[in-house]
Structures are given as structure tokens and as C-alpha cells.
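Here the protein sequences come in this chain order: U and X.
Mind the numbering: the first sequence is residues 0 to 383 in numbering that gives the first Met the number 0, read in order.
Mind the numbering: the second sequence is residues 0 to 383 in numbering that gives the first Met the number 0, read in order.
For glycine and all other residues, C-beta sits at the position ideal for the given N, C-alpha and C.
Inspection log for the structure reproduced underneath, given as C-alpha cells.
2 protein chains.
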Amino acid sequence: MPAKFSYYMPTKLFFGKGSLNRLKKIKLPGTKAFLVTGGSSTTRLGYVDRVVALLKEKGVETVIFNKVLPNPNHAHVNEGAQIIRQEGCDFLIGIGGGSSVDSAKAMAMAAVNPGDCWQYIFGGEKIKNKPLPVIAIPTTAGTGTEADPWTVITNEQTNEKIGFGGDLFYPAISIVDCELMMSVPPFLTACQGFDALFHAVEGYIAKIASPISDMFALKSIQLIGENLARAVENGDDEEARGNVAMASTISGIVESLSCCTSEHAMEHAMSAFYPKLTHGAGLIIISAAYHSHLAKALPQRYIDMAKALGKKDAQDPMDFVQALVQLQKDCGVEQLKMSDYGIKKEDAARFADNAYETGGSMISADRAPVTKEDMIRIYEASFR
Amino acid sequence: MPAKFSYYMPTKLFFGKGSLNRLKKIKLPGTKAFLVTGGSSTTRLGYVDRVVALLKEKGVETVIFNKVLPNPNHAHVNEGAQIIRQEGCDFLIGIGGGSSVDSAKAMAMAAVNPGDCWQYIFGGEKIKNKPLPVIAIPTTAGTGTEADPWTVITNEQTNEKIGFGGDLFYPAISIVDCELMMSVPPFLTACQGFDALFHAVEGYIAKIASPISDMFALKSIQLIGENLARAVENGDDEEARGNVAMASTISGIVESLSCCTSEHAMEHAMSAFYPKLTHGAGLIIISAAYHSHLAKALPQRYIDMAKALGKKDAQDPMDFVQALVQLQKDCGVEQLKMSDYGIKKEDAARFADNAYETGGSMISADRAPVTKEDMIRIYEASFR
Chain U
0 MPAKFSYYMP TKLFFGKGSL NRLKKIKLPG TKAFLVTGGS STTRLGYVDR
50 VVALLKEKGV ETVIFNKVLP NPNHAHVNEG AQIIRQEGCD FLIGIGGGSS
100 VDSAKAMAMA AVNPGDCWQY IFGGEKIKNK PLPVIAIPTT AGTGTEADPW
150 TVITNEQTNE KIGFGGDLFY PAISIVDCEL MMSVPPFLTA CQGFDALFHA
200 VEGYIAKIAS PISDMFALKS IQLIGENLAR AVENGDDEEA RGNVAMASTI
250 SGIVESLSCC TSEHAMEHAM SAFYPKLTHG AGLIIISAAY HSHLAKALPQ
300 RYIDMAKALG KKDAQDPMDF VQALVQLQKD CGVEQLKMSD YGIKKEDAAR
350 FADNAYETGG SMISADRAPV TKEDMIRIYE ASFR
Chain X
0 MPAKFSYYMP TKLFFGKGSL NRLKKIKLPG TKAFLVTGGS STTRLGYVDR
50 VVALLKEKGV ETVIFNKVLP NPNHAHVNEG AQIIRQEGCD FLIGIGGGSS
100 VDSAKAMAMA AVNPGDCWQY IFGGEKIKNK PLPVIAIPTT AGTGTEADPW
150 TVITNEQTNE KIGFGGDLFY PAISIVDCEL MMSVPPFLTA CQGFDALFHA
200 VEGYIAKIAS PISDMFALKS IQLIGENLAR AVENGDDEEA RGNVAMASTI
250 SGIVESLSCC TSEHAMEHAM SAFYPKLTHG AGLIIISAAY HSHLAKALPQ
300 RYIDMAKALG KKDAQDPMDF VQALVQLQKD CGVEQLKMSD YGIKKEDAAR
350 FADNAYETGG SMISADRAPV TKEDMIRIYE ASFR
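What follows is the structure, encoded as C-alpha cells:
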């Protein structure tokens, strides 16, 4: 047994095609639902109506909040919390991408704790009352928020984007139904899938990795390696979609048990300056240089990951980087360039400063150090 | 993604040498503890005193119940429940072998639900109130009860032994500290370790196995294969002890996500007629014949398990049985015989009858059928 470690992931997960219908059978954590969503695709594709109808069959009324933005903001969290109190809702359903689930998690806390939610998220005020239960229903495969206790909320007044959470923030129930993901277009499928991959990869190379987080991480890497290109190429491939969805959720468990490293901090810095950059695309752009830098420092970890990603006979840590680049080719995203998003080579230094300023716990999670100078070299090497 | 499946294991697990000291740091689930134990070795070795002292440092008082028998009985559960109510304890600590943790789980329910506990365990009466929280501290590596929602209670008046449980029965917290297991003697270390192995093996071949239970099962099989003989040979080998402890807990997770098969039902029948037969020893005695029978029916599953158990180049399902028998030799238990316990070859038929009568869910968990006639053949082939 290695050093001490812990395991905690109390969410009840339901996987599989058609598992949305579980809503009919499972014991719901309350009697009046507050449904949180972005409101465009989840409504257009009929998912919101399906949820409302399934709950109605059980005599459960639903109040809909469909204004969630791609970066969930704190005004909406406060607004949602107020409606929850007025309407007497006693549980939440977050359906959509990560932003909808993250908003539901934050509203669940804000609804039962007095005042502006920002004081708890940013102000360090202690949460007095346990958040209301949340049911997470992801319609994208990437963030893993359905299996982790984290939420990212932006204060639109101060432009601060804060990751926040803890044991009280795990969803009570998550339903991972690939049928709800079939219409995600190829490019986003790829970007989200690589986000899920890097949650697993970073969790595997993080300092606090444990034998159990390792097991989940390698399983997710394997599932992404075997299925992501298929899901990108043919969005109707239910098996590939389902396996990528499972990988994303498993990567969420990795985020619960281990954590992200400086790679995520480096990407957050890029998106902070260039908000149009998709998070997954940013990760893809820097990933080959980042992992080339670390492979030498952590050879066995990278050989393990190369094997999981499909290079069964891997003996060299750089085999992982080769397999990673090959997967990017197979998913049609190897040509993504910083210049596509207006990023300049000279941005490297301010990116690195920002990553170091805001990336605290992710940077201290690095098993092998990535200095600010290393970051600059990685950004510059990634520039095209 | 395969057929629908679910994941739920809400216990907070702490692993590692010395992790008993976590009691000082973690948030306890109550303010007055009811400590449940068998009372001999846990007291003699000072574990009970350590727990009481650690809780005292936090201002938490402990009431001790140290009468648990190897087969926990329902009178003790009722007695414990009454003391809990009288003393106003609001959480339980089960420390010892599986029987202590199982008793704590049952008392936690009985303390807050009126009447004789047997009506809930056997009588089908609905549990009205959520059981009190339980902290499980196993001092043996075998049952996995610290990570599953099951408890086995015997009615000493009617001689019925009932497995019972459900989502409400997961321990709130489990502490898996190999330091508390160092003095388990070699034979029991082997028997308990094989019990843990078969929880994983049966969970892997059960009908309801899922990709996540499979992952845990193969990890546990691998850990047992690499460490059990070392722990048996040298009880002071902390690394081996720690890895076997982790395997046992991981096998408990497998029991939570998947389930045992007819192998466990067949052993329960043997112990029912011959109570002196150690459960793990019974499993060891029938295991080669049992798995030889099933290997042909589930070739890929058995090849996977053979690889996990150390035969990396396995291509034949019977490679698993070979590796299993080799491990039994390496652990010094390959010579265990039914006749050592007074079992006769003619017992085979009544064993099979009993297994079929009492093994309901375990028998229906078989992916490939094991008929009563198959069982008789397996018992007879195992006879020495």
C-alpha cells in the first residue's frame, strides 16, 4: 500500500442508452423540481419536455430556468436561488453541458444559504446549510461535472471566474445517457472528448494520484483511445458515443479523487485572454509540447498511459505523445492553431503569469515541476 | 456502452498505514459513539483503547459493546440497539472482523426503528427511519463489508442466517489501516484473502457485472495475486498486508456494484452443516472444481482473470484455474480437505439442495447456469 489516500464519490450514477427513463423509476430526492438549462438545444431537441413529462407521471411539478450562459454567472445563480425559494422547489435538475450542471450545483447551495452567493463562492463565508439535492443530466461528454464536486462560476461584474466546491457539491444522482449526446457536432465532440482525456491524464500524473484514481484514469484513457475518433467521424455510432460518455464521467471521478495539473491552468490562462477559444481546443493546442516536457520526468507514468491509449507495446514515454498526436489527427483537430484564435507568440509570457497567478492548486499538483519559464517554452513551442 | 448499469458506493474510504489516526482529523458523524467489537483481539491489541482515546481528544464519549460473536446474532443486535437509545449515542463504530462491522450496521438500523430487529431483517417490514451513521474499521482483510451495504445476521432461536442490507446500510466512513491487521495468523490471512479474491472473481463472472465493477474486480485479483502469498509468508510485510487490505476493500466495492455467484451459495451450504468450517477455507476447497466447470462457458472472462492473477500470456481459460491452484500452493492452503472438517462425500446432495434453497440471488447471478447436478459434481470432484 502506498502513502495514505482516500476515496469518496457518493453520486449515484446511471449509465446507458435510454437511461433518462430511469427518472420514472428511481426515488427522486424531492417533490418539486427546479430544472436548470441553457435553453437552446436541450429545449429544441425535446429533452426538457421529456424530463418534465417523466416527472409529471410521478406527480412531480417542474419549474424551468433556461437562461444559463456558457460561463455561468453569479447573478443567474442568485436569481435561480430566489425562484427556488419562492416556488418551494426542493431539488434541482441540471440538464445540458457543464454550465447547466454547474449552475444547478451553485443554485442548490445558494437557495438555502442567505445573501449573495458570491460571498460563499469567493468571500470564504462558511456554508451554513447543506445544498439541496441535484440530479445531473449531461448532454455533452467532456466536463465530468456529473461525477465531481466542482462548479465554475463567473462574477460578471468583476470578471472573476472561480472554481468552487467540496464534498457537499456532489450531485445526488447523475444520468449519463448517450442518446442525449448524439447531435453534438464533430468538432465539439472532439474538443470535449480531449477535455475528458486530459482530466484523466492530468489526474494520472498529479502528485495526489492514488491506486484507485489511477485505475479510473487508465480506463478513461483507454475508452477515449478506442472510441473518440469513431464518435467524431460518425455521430450516430451509439457504442462509440456511449463509451466516450462513460469515459467523460469516469474522468469526472478522477477529478474527484485526484486533480488537474498545470496543463489546465495553462489553458485557463489562454481562454481568459481569448474567450472565444474553446477550452478543449486550447488543451489540444498545447498538449503535445506540454506532455513532451513532462514525459522525460515521469517515464513510467507516460509508458502506462501510452499503453492505455492504444500503443500496447510502448517502451518509451514519448510513445504517449505520439499516440496523442495520432488521436488528434484521427479526430481532425491536429491542425488547430493559436493563430486561428488571434493568439500571438508574444502572449506566452502573460499567459504564464496568469497561469501562475490563478492556477494555484493545479500547479502545486504537478509531480514534476513546470516552472513559469517551462510554460513560456511550452506556449512558444505550441505556436503556429 | 454496454447495457444499462449503475454505480453507487457512497462510503468515504481512508486507506493507508496509520490511517486510524484520521479519527482525530475527520469530521465525525455524531457526538457520542457506540463502539461495537468482538472484544478479544481488538481489546488485547489495544485497538479499542486507541479509538476511545482518539475520540476523547475530540471530546467524544464512547460506549463499548464487546460481545459480538463470529456469527452476529439478532439478540445482540436488539441489545445493542437498546443501549444506544438509553445512552443517547448518535453514531456507531464497528471495529474488528466482518462480524463487528456487520453488527454495527444492523444495530444502527435497529436503534432508530421500533420493535425486534428481526422483523426488518427477515419479516420484510419496511425500515421507517434512516440508520445511524457507522464508521467501519476492519482488522481483517476479507469480507469487504467496509465498502458494501450488506450485513449477515443469525437468528439464534430459529438458526436462520440472513444476508440483509441496501443503500441505507453503507458505512458513512471506513478506515482501512493495515497496521491493525499485522497480527492475523498465516492460515486466517490466507482464508480471508481468498474470500476477498472470490468476491472479485464472482463479481467478474456475475450476470450483472458492469465495466466499472470489472475494473475494480480485475484490480483486486491483481493485488491478491501479487501480495497474498507474501502476506501469508511474512505477516510483518507491511506493503503486502496493505495491498491485500486494499484488495479486500476493492472487492467490497465489487460486491456493491456486482454480486456473488453460486460459488458463495455452495460454500454457505457447507458452513451451514459444518459450522467449524472457515468460510474462506470452504471456498478454497471447492474453487478449482467450480471454476474448472465455468471456465469453458465463459472463456474470455477467465482469460482476463488469468492475466490479472499473474499469467500475463494467458490464452486458455483454464490458465486461471492453474494460477488459482498455484496461489493456493504458495499460500500453503492447497492441502485443505473436506475430510479435515468431517465432511463426507455423501453430503454433496444435501449441500446442493441447501445451496439452491438459500442461495437465491447468488444462483440467479450466474451468467452460465450451475445446476443442482453440476453442484453435486463439483462437490464430489472437490472431495478429498
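- Helix, strand or coil at residue 90 of chain X according to DSSP, with G and I counted as helix: Here residue 90 of chain X refers to the residue found at position 91 when the second sequence is read from its first residue. Residue 90 of chain X falls in the strand class under three-state DSSP.
- Backbone CA spacing between residue 0 of chain U and residue 223 of chain X [nearest angstrom]: On the first sequence, position 1 is the one that residue 0 of chain U refers to. On the second sequence, position 224 is the one that residue 223 of chain X refers to. Note that residue 0 of chain U scores 47 on pLDDT, short of 50, meaning its location in the model is unreliable; the coordinates nonetheless yield the value given after this. Between residue 0 of chain U and residue 223 of chain X, the C-alpha separation is close to 12 Å.
- Query: So, is residue 167 of chain X buried or exposed, given that buried needs 16 or more other C-beta atoms within 10 angstroms?
  - Reply: For this step, residue 167 of chain X is matched to residue 168 along the second sequence. Per the 10 Å Cβ criterion, exposed.
- Under 7 Å (Cβ pairs) to chain X, residues found in the region 195–220 of chain U: 210, 214, 218
- Along chain X, which residues have their Cβ under 7 Å away from the Cβ of residue 2 of chain U? Residue mapping note: residue 2 of chain U aligns to position 3 of the first sequence, counting from 1. What residue 2 of chain U touches in chain X: 15.
- As assigned by DSSP and simplified to three states, the class of residue 363 of chain X: Looking up residue 363 of chain X in the second sequence gives position 364. The answer is helix: DSSP assigns residue 363 of chain X an H, G or I state.
- Query: Can you pull the DSSP bridge partners for residue 154 of chain U?
  - Reply: Reading the first sequence from its first residue, position 155 is the one you call residue 154 of chain U. Note: residue 154 of chain U sits in a beta bridge opposite U:159.
- So is residue 84 of chain X buried or exposed if we call it buried at 16+ other beta carbons inside 10 Å? In the second sequence, residue 84 of chain X corresponds to position 85, counting from 1. Under this definition residue 84 of chain X is an exposed residue.
- Query: Is the CB of residue 9 of chain X under 8 Å away from at least one CB in chain U?
  - Reply: Numbered from its first residue, the second sequence carries residue 9 of chain X at position 10. At least one chain U Cβ lies under 8 Å of residue 9 of chain X.
- Message: Rounded to whole angstroms, what is the Cα-Cα separation between residue 90 of chain X and residue 34 of chain X?
- Response: The count along the second sequence starts at 1 and reaches residue 90 of chain X at position 91. The count along the second sequence starts at 1 and reaches residue 34 of chain X at position 35. Roughly 9 Å separates the two Cα atoms.
- What does residue 180 of chain X pair with, by DSSP beta-bridge criteria? Your numbering for residue 180 of chain X matches position 181 in the second sequence. Answer is none; residue 180 of chain X lacks a bridge partner.
- Item | Burial state of residue 339 of chain X, where buried means 16 or more other Cβ atoms lie within 10 Å | For the purposes of this step, residue 339 of chain X is taken as residue 340 along the second sequence, with counting starting at 1. Exposed, by the Cβ-count rule.
- Task: Identify, in the order they occur along the chain, each residue of the same chain with its Cβ nearer than 6 Å to the Cβ of residue 18 of chain U, setting aside the five sequence neighbours on each side.
- Result: Sequence index remark: in the first sequence, residue 18 of chain U carries index 19 (1-based). For residue 18 of chain U, where only same-chain residues beyond five positions count, the Cβ hits under 6 Å are 174, 176.
- Message: My output table needs one value for residue 107 of chain U: the three-state DSSP class, helix, strand or coil.
- Response: For the purposes of this step, residue 107 of chain U is identified with residue 108 of the first sequence, where counting begins at 1. Residue 107 of chain U falls in the helix class under three-state DSSP.
- Can you find a CB in chain U that lies within less than 8 Å of the CB of residue 102 of chain X? In the second sequence, residue 102 of chain X corresponds to position 103, counting from 1. No - not a single Cβ of chain U is within 8 Å of the one on residue 102 of chain X.
- Kindly indicate which residue of U:260, U:256, U:218 has the alpha-carbon position closest to the one of residue 244 of chain U. In the first sequence, counting from the first residue as 1, residue 244 of chain U sits at position 245. Out of U:260, U:256, U:218, U:218 has the C-alpha closest to the C-alpha of residue 244 of chain U.
- Does residue 308 of chain U get closer than 8 Å to chain X when you measure Cβ to Cβ? If you number the first sequence from 1, residue 308 of chain U lands on position 309. No, residue 308 of chain U lies away from the interface with chain X (no Cβ there is under 8 Å from its Cβ).
- Minimum length 3: unbroken beta strand (DSSP E) runs contained in the region 37–101 of chain U: 60–64, 90–95
- Starting from the C-beta of residue 147 of chain X, find all residues in its chain whose C-beta is less than 6 Å away, skip the five residues before and the five after it, and write them out in chain order. Taking the second sequence and counting its residues from 1, the one referred to as residue 147 of chain X is at position 148. So the qualifying residues of the chain are 251, 254, 255.
- Message: Nearest by alpha-carbon distance to residue 232 of chain X: which of X:326, X:341, X:204 is it?
- Response: Position 233 of the second sequence holds residue 232 of chain X. Comparing Cα-Cα distances from residue 232 of chain X to each of X:326, X:341, X:204, the minimum goes to X:326.
- Message: Please state the DSSP three-state secondary structure of residue 291 of chain X.
- Response: In the second sequence, counting from the first residue as 1, residue 291 of chain X sits at position 292. Three-state DSSP puts residue 291 of chain X in a helix.
- Item | Other residues of its chain near residue 288 of chain U: CB distance less than 7 Å, five sequence neighbours each side excluded | For this step, residue 288 of chain U is matched to residue 289 along the first sequence. The residues are 377, 380, 381.
- Task: Run the CB neighbour count on residue 266 of chain U, radius 10 Å, all protein chains shown included, and call it buried at 16 or more, exposed below.
- Result: Here residue 266 of chain U corresponds to residue number 267 of the first sequence, with the count starting at 1. Per the 10 Å Cβ criterion, buried.
- Query: Cβ of residue 5 of chain U less than 8 Å from any chain X Cβ?
  - Reply: On the first sequence, position 6 is the one that residue 5 of chain U refers to. True, the Cβ-Cβ gap to chain X drops below 8 Å.
- Item | Proximity test, residue 118 of chain U beta-carbon vs the ligand SAH heavy atom, cut-off 7 Å | With respect to the ligand SAH, the structure shown offers nothing to examine, as it has no ligands at all.
- Can you tell me whether DSSP reads residue 172 of chain U as helix, strand or coil? For the purposes of this step, residue 172 of chain U is taken as the residue at position 173 of the first sequence. Three-state DSSP puts residue 172 of chain U in a strand.
- Query: Using CA coordinates, which residue listed in X:319, X:291, X:271, X:290 is at the minimum distance from residue 302 of chain X?
  - Reply: For the purposes of this step, residue 302 of chain X is taken as the residue at position 303 of the second sequence. The residue with the shortest Cα to Cα distance from residue 302 of chain X is X:319.
- Message: Going by beta-carbon coordinates alone, are residue 416 of chain X and residue 192 of chain X separated by less than 8 Å?
- Response: Any question about residue 416 of chain X goes unanswered here, given that chain X covers just 0 to 383.
- Please classify residue 113 of chain X: does DSSP put it in a helix, a strand, or coil? Indexing the second sequence from 1 puts residue 113 of chain X at position 114. Residue 113 of chain X: coil per DSSP, three-state reduction.
- Task: Using DSSP bridges, identify the partner residues of residue 265 of chain X.
- Result: For the purposes of this step, residue 265 of chain X is taken as the residue at position 266 of the second sequence. According to DSSP, residue 265 of chain X bridges with nothing at all.
- Query: Of the choices U:101, U:203, U:38, U:280, whose alpha-carbon is the least far from that of residue 132 of chain U?
  - Reply: Here residue 132 of chain U refers to the residue found at position 133 when the first sequence is read from its first residue. Comparing Cα positions, the closest option is U:101.
- Query: Below 8 Å between beta carbons: does that hold for residue 169 of chain X and residue 71 of chain X?
  - Reply: Looking up residue 169 of chain X in the second sequence gives position 170. Looking up residue 71 of chain X in the second sequence gives position 72. No, the pair does not count as a contact, with Cβ atoms beyond the cut-off.
- Message: Am I right that residue 359 of chain U and residue 2 of chain X are in contact with their C-beta atoms under 8 Å? What's the rounded C-beta distance?
- Response: As a working mapping, residue 359 of chain U is identified with position 360 in the first sequence. As a working mapping, residue 2 of chain X is identified with position 3 in the second sequence. Rounded, the Cβ-Cβ distance is 42 Å, inconsistent with contact.
- Task: Drop a sphere of 10 angstroms on the beta-carbon of residue 310 of chain X, count the other beta-carbons inside from all chains shown, and report buried for 16 or more, exposed for fewer.
- Result: The residue given as residue 310 of chain X occupies position 311 in the second sequence. Its Cβ being crowded by 16 or more others within 10 Å, residue 310 of chain X is buried.
- Item | Buried versus exposed, by CB contacts within 10 Å (16 or more), residue 393 of chain U | Absent from the structure is residue 393 of chain U, since the part of chain U shown begins at 0 and ends at 383.
- Message: Could you compute how far the alpha carbon of residue 41 of chain U sits from the alpha carbon of residue 138 of chain U?
- Response: For this step, residue 41 of chain U is matched to residue 42 along the first sequence. For this step, residue 138 of chain U is matched to residue 139 along the first sequence. Looking at the two C-alpha atoms, the distance is approximately 8 Å.
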